[in-house]
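Student: The structure that follows is given in the form of structure tokens.
Number of protein chains: 4
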Amino acid sequence: MDSSTPASGNSAPTVRRRTGGRSARVRAQVVEAVGALLLEAGYDGLTVDAVAERADVHRTTVYRRWRDVGGLLADVLDAAADDTWQPADTGTLEGDLTALNQELYEALSSGPTLTTALIAASFRSAEAAAALSRFWEDRYERCAVVVARAAARGEVPAETAPRALLVAATAPLYHELLLLRTAPDPALPDRAARAAAAAARTGAFAAAAG
Amino acid sequence: MDSSTPASGNSAPTVRRRTGGRSARVRAQVVEAVGALLLEAGYDGLTVDAVAERADVHRTTVYRRWRDVGGLLADVLDAAADDTWQPADTGTLEGDLTALNQELYEALSSGPTLTTALIAASFRSAEAAAALSRFWEDRYERCAVVVARAAARGEVPAETAPRALLVAATAPLYHELLLLRTAPDPALPDRAARAAAAAARTGAFAAAAG
Amino acid sequence: MDSSTPASGNSAPTVRRRTGGRSARVRAQVVEAVGALLLEAGYDGLTVDAVAERADVHRTTVYRRWRDVGGLLADVLDAAADDTWQPADTGTLEGDLTALNQELYEALSSGPTLTTALIAASFRSAEAAAALSRFWEDRYERCAVVVARAAARGEVPAETAPRALLVAATAPLYHELLLLRTAPDPALPDRAARAAAAAARTGAFAAAAG
Amino acid sequence: MDSSTPASGNSAPTVRRRTGGRSARVRAQVVEAVGALLLEAGYDGLTVDAVAERADVHRTTVYRRWRDVGGLLADVLDAAADDTWQPADTGTLEGDLTALNQELYEALSSGPTLTTALIAASFRSAEAAAALSRFWEDRYERCAVVVARAAARGEVPAETAPRALLVAATAPLYHELLLLRTAPDPALPDRAARAAAAAARTGAFAAAAG
DNA sequence: CTTTAAGCGAGACGGTACGTCCGGTCTTATT
DNA sequence: AATAAGACCGGACGTACCGTCTCGCTTAAAG
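Quick mapping for you: the protein sequence lines, in order, are chains A, B, C and D.
Here our numbering is used: the first residue of the first sequence is 3, the next is one more, and so on.
Here our numbering is used: the first residue of the second sequence is 3, the next is one more, and so on.
Here our numbering is used: the first residue of the third sequence is 3, the next is one more, and so on.
Here our numbering is used: the first residue of the fourth sequence is 3, the next is one more, and so on.
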């Protein structure tokens with residue numbers, strides 16, 4: 003559920019573009035530099051100058067292709083979405099949600115995360131914010147299968163809204179770790195998953211009800 | 003539950019400070035300017051220069067007293083915490099939580115919020131982040147009474163952990179509106195409150211359970 | 003012998019510099035502004051800000067190219083050295099020295115001089131001091147011909163050290179007008195020239211004698 | 003002939019001043035601090051703040067009593083003039099002048115001098131410039147006796163102008179060491195003295211002649 | 001296998017904001 | 001009532017980035 007998996011990416015071509023050789027190499031270097039800088043110095047360290055220097059590419063080249071830092075982030079995020087991540091299948095709703103939360107917990111509580119930096123960025127660049135939303139929505143869609151399986155097993159009502167349930171399960175983690183910045187609590191992933199599952203079983207997320 | 007209520011403020015005095023006349027006026031002007039700028043231009047518009055100009059105070063004065071933007075925000079937040087806010091008492095747990103969420107929903111969904119700006123700031127200034135954490139913890143503590151009342155009424159187990167329940171109720175709102183940036187959904191406050199209350203009734207937040 | 007004659011300039015190019023169009027215009031404007039400001043406001047009025055504004059060039063551009071006020075002065079001085087000044091040939095040593103001193107007297111006694119400002123600057127910027135020294139040494143070298151001519155005429159011993167003689171002739175003017183700041187005395191140039199010439203005739207500046 | 007001898011001083015009193023106890027101590031501390039700072043950090047290091055801190059006196063106290071840095075320097079210089087310095091008597095004009103120059107040479111060529119700092123200051127503060135002029139004129143007057151003795155001995159015409167001769171002897175040192183900043187040349191004091199004496203013997207400084 | 005133009009390297013510039021230092025003035029609190 | 005201490009205003013400094021522009025030079029792709 004984290005966003006640290008880079009991939010190929012896709013920027014809409016308008017006129018005939020050059021894709022081979024130098025251009026491709028430049029893009030790869032820049033994308034790599036952005037990721038590295040975000041990890042090392044956070045969003046504030048992600049200056050165009052620093053990216054250019056690290057990528058061994060000229061400043062103006064970055065401006066030409068990505069316009070600004072938001073563009074860089076959007077490119078990196080879209081690249082990160084290009085993977086084959088799938089939620090685990092543990093056999094129970096609570097187990098699935100707990101596994102999800104565990105993964106998320108590790109991504110968020112391990113020091114200065116790429117994810118943290120991206121969220122920080124999303125508050126300052128509309129482009130980055132949109133890319134991050136796209137990324138998360140994609141993840142939630144992939145997780146819908148968890149709810150479908152639970153419904154199939156009869157754990158929750160068939161009308162249960164997957165997104166609402168998933169948000170209820172994961173939101174407390176983001177809230178505690180990113181916003182409230184409380185000390186990491188290893189029991190948190192499980193507790194949040196359990197509470198969401200319990201609510202789901204009572205039909206609190208049944209579509210008719212919300 | 004939002005942070006738009008300024009008040010008198012309290013920054014720990016180390017040596018004997020001047021409190022009368024000019025100094026007090028300067029501080030009031032600056033605090034006011036910070037709030038106004040955050041609302042108008044967001045965190046990125048909150049430059050020391052802009053604050054100084056708006057407060058009709060010299061740049062160096064701001065640097066001398068508040069050091070940087072983080073210091074300004076911390077001061078403003080501590081001032082904002084100095085109010086008498088209390089959660090409403092509707093007679094039921096679900097009602098109380100819904101009222102809470104409704105208030106929060108309005109604060110978060112009305113365009114570029116002061117709260118949004120503060121959160122953005124918290125990702126860039128450790129000082130601001132700490133102040134924001136303090137502010138929220140204070141709010142959660144004030145809300146603990148909601149859970150106590152529910153326990154007294156027998157709605158939830160006596161061992162129910164107030165903070166975990168409150169976070170479960172409110173976190174989805176922060177998540178949807180601030181991070182996922184989905185379109186505001188008026189049903190959201192109620193749904194989140196209802197789900198949290200349902201989970202609480204099953205004992206999902208009982209201390210023994212985590 | 004004064005330093006008010008600007009010219010084309012020559013700063014050692016390390017890498018290939020841009021000489022055409024904008025860059026050249028910027029340099030010309032800045033050099034002009036420095037001269038004008040020195041005359042109008044003296045060294046203390048020569049702030050980078052003022053230069054930039056007057057030259058209609060941005061502050062940062064000045065810092066980029068000239069680093070600081072010392073760099074500006076060095077550039078201006080090196081430019082000023084790029085002229086074709088030559089000492090007059092009056093037919094006698096005393097006449098030549100007097101002509102020299104007269105020129106110097108006028109440069110030094112006419113109100114707040116560029117020269118005065120440059121000397122003031124030389125006490126604060128090593129770079130400016132070095133440039134000023136270069137400028138003066140260049141002038142003394144050009145004046146050596148005066149002594150050579152006198153020696154050829156048999157007025158002074160052939161071994162007469164040109165520099166020592168020239169310094170003896172001109173130093174009193176600098177001393178009185180710049181350091182002692184006595185009221186300008188029109189007889190001064192002639193008197194100093196005459197005394198130096200007299201000493202030279204006695205062989206006081208013969209190299210063998212030190 | 004240098005200005006490194008501090009003493010009691012005298013700044014023109016306007017209204018009745020306090021002279022006892024604290025005020026006197028404050029003045030002594032400040033004057034001492036000014037001298038020390040000039041030596042250590044030159045004129046540019048002579049900030050009111052630094053003086054105040056070093057003298058262990060409050061900033062505003064310095065402003066009250068000395069107005070600005072120029073005032074401080076004037077006070078220090080006037081204090082320095084309050085000594086009993088007298089030129090040596092070697093028996094010959096050339097010897098006296100050489101002794102004078104030797105003393106001056108040492109004061110000027112020993113690294114960053116107090117004298118150097120004072121001259122630098124004189125280019126930036128009218129008050130300091132006036133005080134420095136006063137100081138030097140006082141010194142030249144005390145040296146007039148050297149010329150008188152030479153005249154009495156018949157070495158030079160009786161009408162020889164003392165000041166012109168003395169300036170001719172000393173000016174080259176100031177010029178070389180302060181303005182041209184050439185490498186110190188131990189032969190310089192003697193050479194300048196000898197040349198001036200030679201010129202004087204030819205009557206070049208006789209009053210009738212200029 | 002040439003063209004040819006897209007893309008890159010390079011240097012400079014205007015501009016905003018930063019955080020600091022210092023000069024001077026004003027005002028509060030102390031004695 | 002005087003003065004010491006603190007706080008303020010204002011100017012300048014030097015720096016870091018941002019985003020733009022104008023040149024040439026490379027080089028990938030089209031003919």
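C-beta atoms are modelled at their ideal positions from N, C-alpha and C, and glycine is treated no differently.
Taking DSSP as the reference, what is the three-state secondary structure of Ala-160/C?
Tutor: In this structure, Ala-160/C counts as coil in the three-state DSSP scheme.
Student: What does a CB cutoff of less than 6 Å around Arg-18/D pick up in its chain, not counting 5 residues either side in sequence?
Tutor: Residue placement at Arg-18/D is poorly supported in this model, since its pLDDT is 42, which falls under 50; the coordinates still yield a value, given next. Around Arg-18/D: no qualifying Cβ.
Student: Among Trp-138/B, Pro-89/B, Ala-166/B and Ala-122/B, which one has its Cα closest to the Cα of Ala-131/A?
Tutor: When each option's Cα is compared against that of Ala-131/A, the closest is Ala-122/B.
Student: Hey, is Val-169/C's beta-carbon within less than 8 Å of any beta-carbon in chain D?
Tutor: Answer yes: the Cβ-Cβ gap between Val-169/C and chain D drops below 8 Å somewhere.
Student: Cβ atoms of Ala-81/C and Arg-56/C: under 8 Å apart, would you say?
Tutor: The answer is no: Cβ separation not under 8 Å.
Student: Are any of the Cβ atoms in chain B nearer than 8 Å to that of Glu-178/A?
Tutor: Chain B contact via Cβ: present.
Student: Please report the straight-line C-alpha distance between Phe-125/D and Ser-124/C, rounded to a whole angstrom.
Tutor: Near 10 Å, if we compare the C-alpha coordinates of Ser-124/C and Phe-125/D.
Student: Under 7 Å, CB to CB, which of the residues in the stretch 113 to 126 of chain D have a partner in chain C?
Tutor: The stretch 113 to 126 of chain D vs chain C, Cβ under 7 Å: Ile-121, Ala-122, Phe-125 and Arg-126.
Student: Could you check the C-alpha separation between Val-53/C and Thr-94/C for me, to the nearest Å?
Tutor: Cα to Cα, Val-53/C sits roughly 44 Å from Thr-94/C.
Student: Starting from Ala-208/B, trace the alpha helix (DSSP H) in both directions and tell me its first and last residue.
Tutor: Ala-208/B -> no alpha helix (DSSP H), and no H or E assigned at all.
Student: Quick test of your reading: Arg-162/D and Ala-202/D, contact by CB under 8 Å. State the CB separation rounded to the nearest angstrom.
Tutor: The sequence given here places Thr at residue 162/D; Arg does not occur at that position. Confirmed, Cβ separation roughly 6 Å.
Student: Cα-Cα, which of Gln-88/B, Val-147/B, Leu-79/B and Glu-178/B is closest to Arg-136/B?
Tutor: With distances taken between Cα atoms, Arg-136/B lies closest to Leu-79/B.
Student: Counting only Cβ-Cβ distances shorter than 8 Å, please list the residues of the stretch 40 to 64 of chain C near chain D, keeping chain order.
Tutor: Residues Tyr-45 and Asp-46.
Student: Identify the continuous alpha helix (DSSP H) that holds Gln-104/A and give its terminal residues.
Tutor: Its alpha helix (DSSP H) spans residues 95 to 111.
Student: Got a sec: does the ligand PLP put a non-hydrogen atom nearer than 7 Å to the Cβ of Thr-86/A?
Tutor: Absence of the ligand PLP from the depicted structure is noted, as is the absence of any ligand whatsoever, leaving it without description.
Student: Decide if Gly-72/D is buried, meaning its Cβ has at least 16 other Cβ atoms within 10 Å, or exposed.
Tutor: Gly-72/D is buried by the Cβ-count criterion.
Student: Do you know whose CA, among Val-169/C, Ala-35/C, Glu-178/C and Gln-104/C, lies nearest Ala-90/C's CA?
Tutor: Closest option to Ala-90/C, Cα to Cα, is Gln-104/C.
Student: Could you tell me whether the Cβ of Thr-100/B comes closer than 8 Å to any Cβ of chain A?
Tutor: Chain A contact via Cβ: absent.
Student: Compare the C-beta of Ala-209/C with all C-beta atoms of chain D and state if any pair is closer than 8 Å.
Tutor: For Ala-209/C, the answer is no, since every Cβ of chain D falls outside 8 Å of its Cβ.
Student: For a contact defined as C-beta to C-beta under 7 Å, what are the partners of Leu-182/A on chain B?
Tutor: Going along chain B in sequence order, the residues near Leu-182/A (Cβ under 7 Å) are Ser-135 and Trp-138.
Student: Given that a residue counts as buried once 16 or more other Cβ atoms are within 10 Å of its Cβ, and exposed if not, what is Ala-160/B?
Tutor: Exposed, since its Cβ has fewer than 16 Cβ neighbours within 10 Å.
Student: Residues of chain C with CB closer than 7 Å to the CB of Arg-69/D, please, in chain order.
Tutor: By Cβ distance, chain C contributes nothing, its closest Cβ being about 17 Å from Arg-69/D, past 7 Å.
Student: Excluding five sequence neighbours on each side, which residues of the same chain lie with their C-beta closer than 8 Å to the C-beta of Ala-43/D?
Tutor: Contacts found: Ala-52.
Student: With a threshold of 16 other CB atoms inside 10 Å of the CB of Thr-62/D, please say whether the residue is buried or exposed.
Tutor: Label assigned to Thr-62/D: exposed.
Student: Per DSSP, what kind of secondary structure is Ala-194/B in: helix, strand or coil?
Tutor: DSSP places Ala-194/B in helix when its eight states are reduced to three.
Student: Would you mind telling me which residues of chain C sit closer than 7 Å to Ala-206/D, beta carbon to beta carbon, in chain order?
Tutor: By Cβ distance, chain C contributes Arg-196, Ala-197 and Ala-200.
Student: Measuring alpha carbon to alpha carbon, tell me which of Tyr-142/A, Ala-76/A, Leu-134/A and Asp-98/A ends up nearest Leu-181/B.
Tutor: The candidate whose alpha carbon is nearest that of Leu-181/B is Leu-134/A.
Student: Which whole-angstrom value is the C-beta distance of Val-59/B and Val-36/B, which I expect to be below 8 Å?
Tutor: In fact, because the Cβ distance is near 11 Å, the residues do not count as touching under 8 Å.
Student: In the DSSP assignment, find the unbroken alpha helix (DSSP H) run with Thr-118/B in it and report its ends.
Tutor: Here the alpha helix (DSSP H) through Thr-118/B covers 116 to 124.
Student: List, in order along the chain, the chain D residues whose C-beta lies closer than 7 Å to that of Pro-174/C?
Tutor: Per Cβ cutoff of 7 Å: Val-169, Ala-170 and Ala-173.
Student: State the Cα-Cα distance for the pair Thr-86/B and Trp-68/D, rounded to the nearest angstrom.
Tutor: The straight-line gap from Cα to Cα measures roughly 54 Å.
Student: Check whether the Cβ atoms of Leu-179/B and Ala-194/B lie closer than 8 Å to each other.
Tutor: Taking 8 Å as the Cβ cut-off, Leu-179/B and Ala-194/B do not qualify as a contacting pair.
Student: Any idea if Glu-143/C is buried or exposed, counting beta-carbon neighbours within 10 angstroms, 16 or more meaning buried?
Tutor: Exposed, because fewer than 16 other Cβ atoms sit within 10 Å of the Cβ of Glu-143/C.
Student: Report the neighbours of Ala-131/C on chain D: residues whose CB is nearer than 7 Å to its CB, in chain order.
Tutor: Residues of chain D passing the Cβ test: Arg-183.
Student: What does the alpha-carbon distance come out to for the pair Pro-188/C and Tyr-45/D?
Tutor: When rounded, the distance between both Cα atoms is 33 Å.
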